[in-house]
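Next up, the structure:
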């Protein structure tokens, strides 16, 4: 999908966050307080990103996850914008910005030792929840 197609498909806020690396306001996204079970997918391309089983309430105002559902669909990049050093989370399938990952998450004993304690802080506008019935 090229940029023109993405501009037509995404809302202006989704485009600003996903293609121009913006951020939605905390506590404003529809999935910040969502508790339904299912799979969170990239709104731009449909790639499976995060399972509701990995979602937790971080108190930050953005949906937070301990780990991606499929590492093949996530790319991590160094982000030194805004005078900070962070790790950006990108949809590997379409190259869209999703949010950032931090080392202040809870311990998830289901994960290997090197992948525990992560908080994938993701913008709601980047996600579409496919609910599990």
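In the working numbering, the protein residues as written are 23 to 155. Using N, Cα and C, we set each Cβ at its ideal position, and we do this for glycine too.
- A distance of 7 Å or more separates the beta carbons of residue 88 and residue 125.
- According to the DSSP assignment, residue 46 belongs to no alpha helix (DSSP H), since it is labelled neither H nor E.
- Counting every other CB atom within 10 Å of its CB across the protein chains shown gives residue 46 a total of 16 or more, marking it as buried.
- Per DSSP, reduced to three states, the secondary structure at residue 137 is helical.
- In the structure shown, residue 130 falls within a coil segment according to DSSP collapsed to helix, strand and coil.
- When C-beta atoms of the segment 104 to 124 are compared with those of the segment 144 to 151, three or more pairs fall below 8 Å, so the two segments count as touching.
- When Cβ pairs closer than 8 Å are counted between the two stretches, the segment 35 to 55 is seen to touch the segment 74 to 94, the count reaching three or more.
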